[in-house]
Amino acid sequence: NLTDKLSLVFKKVRGHGKLNEKNLQEALRDVRMALLEADVNYKVVKEFTGAVKARATGSEVMESLTPGQQFVKIVHEELIQTMGSKQAELDLKGQNPASLVLIGLQGSGKTTTAAKLAVWLRNTKRNPYLVPADVYRPAAIEQLTRLGEQIQVPVHPSRVDQDPVDICREAREEARAQGRDTLIIDTAGRLHIDEELMDELRRIREAIQPSEILMIADAMTGQDAVNVASRFNELLDIDGVILTKLDGDARGGAALSIRAVTGKPIKFVGVGEKTNALEPFHPDRMANRILG
Amino acid sequence: VFSRSGSRGDWLEDLEEVLVTADLGVKTSYDLLGEIKKELDTKPLGPLELKNALRQKIGSMLAVQAPAFAPASAKPFVIMVVGVNGVGKTTSIGKLAARLRGNGCKVMLAAADTFRAAAIEQLQIWADRAGSDFVKHKPDSDPSAVVYDALQAAKARNTDVVIVDTAGRLHTKANLMEELKKVKRIMSRELEGAPHEVLLVLDATTGQNAITQARTFHEALGVTGIILTKLDGTAKGGVIVGIANELQLPVRFIGIGEAPEDLREFDVTLFLEAIFG
Ligand SMILES: Nc1nc2c(ncn2[C@@H]2O[C@H](COP(=O)(O)OP(=O)(O)OP(=O)(O)O)[C@@H](O)[C@H]2O)c(=O)[nH]1
Ligand SMILES: Nc1nc2c(ncn2[C@@H]2O[C@H](COP(=O)(O)OP(=O)(O)OP(=O)(O)O)[C@@H](O)[C@H]2O)c(=O)[nH]1
Ligand SMILES: [Mg+2]
Ligand SMILES: [Mg+2]
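Read top to bottom, the protein sequences are chains R and G.
So for the first sequence, the numbering used here puts the first residue at 571; every next one is plus one.
So for the second sequence, the numbering used here puts the first residue at 604; every next one is plus one.
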C-alpha cells in the first residue's frame with residue numbers, strides 16, 4: 571500500500587539524512603499513482619500533488635530529520651483537509667415539516683438510502699414521512715412503500731400518473747396534517763446531462779424549498795464523478811453528499827473528487843443493503859481507505 | 604488536445620490524461636503508452652499518428668477471441684445475469700427480452716432476486732412489456748427454487764430462451780457469491796449445459812473496482828460476457844479494456860438508456876470514437 575511504498579522511498583533517504591529532489595519526485599509519483607488507482611479524478615490528483623509538493627519543498631520536510639514521516643504526515647493532512655475535517659450534520663431547522671430531497675444517477679442507492687434516513691431520523695426522535703417521487707422506474711413507488719412497511723414509517727401514496735412536483739406539494743400537506751416533521755423525498759435516477767429531468771429537480775426545489783438537497787453517489791464511481799457532481803451542484807446547489815456501497819472494496823476516490831469539485835460535505839455513508847446500514851462520514855477513515 | 608505543436612512529452616501526457624479519464628486505469632494506460640513510446644524510438648510519429656497507433660492497440664485488446672452469443676444453439680437457451688447492486692441487471696434483462704422477442708424467440712424471465720424490495724414487481728413489468736413468460740415465487744424464498752421451477756416450466760412450454768435475474772450483490776460478500784454458485788449448480792443439474800451464458804453487468808460509471816468485480820464473478824461462475832450499461836451518460840467505460848486484456852471477456856451488449864430499445868451490440872469503433880473524439 572502507499573504507506574509501505576513511501577517508506578521504501580524514504581528508506582533510501584535515511585542514509586543521507588535530508589531529502590533530495592529525486593526522492594521527492596519519486597514519493598510524489600507514488601502518491602499520484604495511489605490516488606489514480608483509487609479512482610480520484612486526474613485533475614484533482616494533479617492539484618492535490620501540487621499542494622503536497624508545495625508543502626514538501628518547504629523547510630517542514632526538507633530540513634526535517636525524518637523527512638519520510640513528515641511527507642506522509644503532509645499527505646494525510648492535505649487529504650483530510652480536502653475531505654472536510656469536521657463531521658457535517660443535517661440542518662433541519664426553520665421549516666415544518668423539514669424536507670430532504672435525495673438526488674443522483676440511476677442505481678446509486680437513493681431509494682434504499684431514503685429508508686435508511688427515515689430510520690436514522692426516527693432514532694433522533696424525529697417523525698419522518700417517506701415520499702416516493704419516482705414515477706418512471708418500474709415499481710419504484712412499490713419499492714419505497716415496501717421498505718416503509720419493513721421499517722414502519724409511513725409512505726405517501728404517490729401514483730405513477732402524477733407529476734413529481736405535485737407529489738411533493740401534496741406530501742408536504744399530508745405530512746403537516748399528520749404531524750410528521752420531516753419529509754424524505756426519493757426522486758428518480760437521472761443523468762446530469764438530461765436537461766428535462768434536471769429541470770424537474772429545479773421545479774421540485776422551487777415548490778418545496780427543501781432543508782437539504784442530498785446527492786447520493788456510488789463509492790465505486792470512477793473518473794466521471796467530477797462531471798456528475800459538478801453538474802448536479804451547479805444546477806441545484808446541493809447541501810451534501812451521501813456515499814453508498816462502502817461495504818464493498820472500492821477505494822472510494824470519488825469521495826475526494828466530489829468534495830474537491832463541489833466543496834460540499836459528505837454527510838453519511840451507506841455500508842450495506844439493510845435499512846440500518848447508514849453511518850456518519852468519517853474523513854480520516856475515508857482518507858486512509860483512499861490512500862490504500 | 605492535439606491541435607497544438609507541443610513536444611512529444613506533451614503529447615504523451617495528453618494521451619495519458621485521455622486514457623486515465625476514460626477509466627482505463629493507470630496500469631493499462633501506462634502499459635499502452637509504454638508500447639507507444641517504444642514505437643516512437645524507432646520512427647518519428649506525430650500526434651495524430653500516436654493517437655491512431657494507440658487506438659489500434661486498444662481495438663486489438665478489445666477484439667477478444669470468444670464464442671459468439673448464440674441463443675439458437677440450445678433450447679431452452681439459459682442466460683444467467685449477475686453483477687453488483689444497481690448496475691442495471693433487471694433493466695438489461697427487460698431490454699434483452701424485448702430484443703429476443705423481436706427476433707421471434709419465446710422468452711421466459713425467472714425472478715430469482717427474491718431479496719430486494721419490489722424486485723419481482725419490477726421484473727414483472729418488464730416481462731409484461733416484452734410479452735415474456737414469467738416465473739416467480741414469494742419474496743424471501745430460495746432463488747434456486749425459482750430457477751428450478753423456471754427450467755421445468757421452460758422445458759414443458761417449449762421456451763426458446765430463459766433469462767434469470769439475480770439479486771445485486773457485492774463481490775466481497777462470500778456467502779452471497781456462494782448463493783450464486785448454488786443457483787448455477789441447480790441450473791446445470793436441471794438442464795445439461797445450463798447456464799449457456801453468464802452475463803456480468805457492469806456500470807460504465809464504475810472505476811477500477813469493475814476489474815475486481817469481473818475477476819471475482821468470473822472466478823466464481825465462469826462469466827461468458829459483459830453488458831456495459833449507462834453509456835448514455837458521460838462515462839466512457841474504459842475499464843473493459845483491462846478486463847478484456849486480463850480475462851478475455853467479450854462485451855456482448857451496451858445499455859444506452861432506460862427504454863426497452865436502449866440495448867445495442869457492442870461496437871468497438873464507436874467505443875473508441877467516444878474516447879478519442
Ligand atoms: N451493498 C450495498 N448495497 C446498497 C447500498 N445502498 C443501496 N444498495 C443497493 O443498491 C441497489 C440500488 O439501490 P436503489 O435504492 O434502488 O438505487 P436508486 O438510486 O434508488 O436507483 P434508481 O431509482 O433506479 O436510480 C439496491 O440493490 C440496493 O439494495 C449500500 O450502501 N451497500
Ligand atoms: N441511463 C441509463 N440508465 C440505466 C441503464 N440501464 C439501467 N439503468 C437504470 O439504472 C437503474 C438501476 O437499474 P436496475 O435494472 O434496477 O439495476 P439492477 O442491477 O437490477 O439493481 P439491483 O437489482 O438493485 O442490484 C434504473 O433506474 C435503470 O433504469 C442504461 O443503460 N442507461
Ligand atoms: Mg430509486
Ligand atoms: Mg435488479
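Backbone N, C-alpha and C define an ideal beta-carbon position, used for all residues, glycine too.
All values derive from a computational prediction rather than experimental measurement.
Nearest to residue i by alpha carbon, out of the options?
{"i": "G840 (chain G)", "options": "G:L875, G:K776, G:F680, G:K741", "result": "G:L875"}
{"i": "R739 (chain R)", "options": "R:V579, R:I778, R:L767, R:R625", "result": "R:I778"}
{"i": "Y612 (chain R)", "options": "R:K680, R:L649, R:R750, R:A824", "result": "R:A824"}
{"i": "L831 (chain G)", "options": "G:L636, G:L699, G:S632", "result": "G:L699"}
{"i": "A753 (chain G)", "options": "G:K739, G:S744, G:P650", "result": "G:K739"}
{"i": "L770 (chain G)", "options": "G:N761, G:A714, G:A777, G:F737", "result": "The amino acid occupying residue 770 (chain G) in the given sequence is Ala; Leu does not appear at that position. Out of G:N761, G:A714, G:A777, G:F737, G:A714 has the C-alpha closest to the C-alpha of A770 (chain G)."}
{"i": "K833 (chain G)", "options": "G:Q811, G:G628, G:G858", "result": "G:G858"}
{"i": "R696 (chain R)", "options": "R:H762, R:T619, R:I711, R:G749", "result": "R:G749"}
{"i": "Q720 (chain R)", "options": "R:I711, R:T845, R:D574", "result": "R:T845"}
{"i": "A730 (chain G)", "options": "G:D743, G:S744, G:I766, G:P746", "result": "G:I766"}
{"i": "E843 (chain R)", "options": "R:N858, R:K680, R:R821", "result": "R:K680"}
{"i": "R742 (chain R)", "options": "R:P734, R:D733, R:Q732, R:L753", "result": "R:L753"}
{"i": "M790 (chain R)", "options": "G:Q816, G:L783, G:S610, G:G796", "result": "G:Q816"}
{"i": "V621 (chain G)", "options": "G:A838, G:T693, G:E861", "result": "G:A838"}
{"i": "E638 (chain G)", "options": "G:D617, G:L651, G:I661, G:N761", "result": "G:I661"}
{"i": "R558 (chain G)", "options": "G:A675, G:V750, G:L665, G:A777", "result": "Past the boundaries of the shown model lies residue 558 (chain G); chain G is included only from 604 to 880, so the question cannot be answered."}
{"i": "L761 (chain R)", "options": "G:V629, G:P742, G:D617, G:G860", "result": "G:G860"}
At the 8 Å Cβ level, is residue i part of the contact set with chain G, yes or no?
{"i": "R716 (chain R)", "result": "yes"}
{"i": "N571 (chain R)", "result": "no"}
{"i": "N803 (chain R)", "result": "no"}
{"i": "Q779 (chain R)", "result": "no"}
{"i": "E776 (chain R)", "result": "no"}
{"i": "D794 (chain R)", "result": "yes"}
{"i": "N797 (chain R)", "result": "yes"}
{"i": "G674 (chain R)", "result": "no"}
{"i": "Q713 (chain R)", "result": "yes"}
{"i": "E620 (chain R)", "result": "A quick correction: the sequence has Gly, not Glu, at residue 620 (chain R). By this cut-off, G620 (chain R) is not an interface position."}
{"i": "M603 (chain R)", "result": "yes"}
{"i": "A709 (chain R)", "result": "yes"}
{"i": "E849 (chain R)", "result": "no"}
{"i": "T791 (chain R)", "result": "yes"}
{"i": "V579 (chain R)", "result": "no"}
{"i": "K623 (chain R)", "result": "no"}
State the start and end residues of the unbroken alpha helix (DSSP H) segment that holds residue i.
{"i": "K837 (chain R)", "result": "Where K837 (chain R) is concerned, there is no enclosing alpha helix (DSSP H), although the beta strand (DSSP E) it sits in stretches over 836-840."}
{"i": "R704 (chain G)", "result": "692-705"}
{"i": "L754 (chain G)", "result": "746-759"}
{"i": "I878 (chain G)", "result": "871-879"}
{"i": "A797 (chain G)", "result": "Here A797 (chain G) belongs to no alpha helix (DSSP H), and DSSP marks it neither H nor E."}
{"i": "S632 (chain G)", "result": "629-645"}
How is the beta strand (DSSP E) around residue i delimited, first residue to last?
{"i": "F680 (chain G)", "result": "680-685"}
{"i": "E782 (chain R)", "result": "782-788"}
{"i": "V854 (chain G)", "result": "854-858"}
{"i": "D756 (chain R)", "result": "752-757"}
Within 8 Å (strictly less), CB to CB, does residue i reach chain R?
{"i": "D865 (chain G)", "result": "no"}
{"i": "K678 (chain G)", "result": "no"}
{"i": "N848 (chain G)", "result": "no"}
{"i": "N655 (chain G)", "result": "no"}
{"i": "D626 (chain G)", "result": "yes"}
{"i": "G637 (chain G)", "result": "no"}
{"i": "E620 (chain G)", "result": "yes"}
{"i": "R855 (chain G)", "result": "no"}
{"i": "V690 (chain G)", "result": "yes"}
{"i": "A838 (chain G)", "result": "yes"}
{"i": "V629 (chain G)", "result": "yes"}
{"i": "R607 (chain G)", "result": "A caution first: R607 (chain G) carries a pLDDT of 49, below 50, which makes its placement in the model unreliable, though a value can still be read off. It does not; no Cβ of chain R falls within 8 Å."}
{"i": "D806 (chain G)", "result": "yes"}
{"i": "D835 (chain G)", "result": "yes"}
For residue i, would you say it is in contact with chain B, using Cβ-to-Cβ distances shorter than 8 Å as the test?
{"i": "V685 (chain G)", "result": "Within the model displayed, chain B is absent; protein chains R and G are what it includes."}
Per the contact definition of three or more C-beta pairs closer than 8 Å, is the segment 682-698 of chain G in contact with the segment 815-830 of chain G?
Verdict: yes, contact present.
Using 8 Å as the Cβ pair cut-off and three pairs as the minimum, do the segment 842-861 of chain G and the segment 789-807 of chain G touch?
Enough Cβ pairs lie closer than 8 Å, so yes.
Which residues of the segment 718-752 of chain G have a Cβ closer than 7 Å to any Cβ of chain R? Give them in chain order.
Here the close residues are A720, A721, E724, Q725, I728, W729.
Short-range partners of chain R found in the segment 758-790 of chain G, where Cβ spacing is below 7 Å
If the cut-off is 7 Å between Cβ atoms, the segment 758-790 of chain G has L773, T775 near chain R.
Quick one, which residues of the segment 660-693 of chain R are near chain G if we go by CB-CB under 7 Å, in chain order?
So the list reads L675, Q676, G677, S678, G679, given in the order they occur along the chain.
Can you confirm whether the segment 789-809 of chain R touches the segment 807-818 of chain G when touching is taken to mean that 3 or more C-beta pairs between the two stretches lie within less than 8 Å?
With the cut-off at 8 Å, the segment 807-818 of chain G and the segment 789-809 of chain R touch.
Under 8 Å (Cβ pairs) to chain G, residues found in the segment 834-845 of chain R
Those residues of the segment 834-845 of chain R that come within reach of chain G (Cβ to Cβ, closer than 8 Å) are E843.
Note down, in chain order, all residues in the segment 809-831 of chain G with a beta-carbon under 7 Å from any beta-carbon belonging to chain R.
Under the 7 Å Cβ criterion, the segment 809-831 of chain G contributes T809, G810, Q811, N812, T815.
For the pair the segment 713-728 of chain R and the segment 768-776 of chain R, tell me if three or more CB-CB distances fall below 8 Å.
With a cut-off of 8 Å on Cβ pairs, the segment 713-728 of chain R is not in contact with the segment 768-776 of chain R, counting fewer than three such pairs.
Taking three-plus beta-carbon pairs below 8 Å as touching, is the segment 706-720 of chain G in contact with the segment 744-753 of chain G?
Because the criterion of three Cβ pairs below 8 Å is met, the segment 706-720 of chain G and the segment 744-753 of chain G touch.
Using a beta-carbon distance cut-off of less than 8 Å, what residues from the segment 751-768 of chain R approach chain G?
Residues of the segment 751-768 of chain R with a Cβ closer than 8 Å to any Cβ of chain G, in chain order: L761, H762, I763.
Short-range partners of chain G found in the segment 813-836 of chain R, where Cβ spacing is below 8 Å:
Going along the segment 813-836 of chain R in chain order, one finds K815, D817, G818, D819, A820, R821, G823, A824 with a Cβ nearer than 8 Å to chain G.
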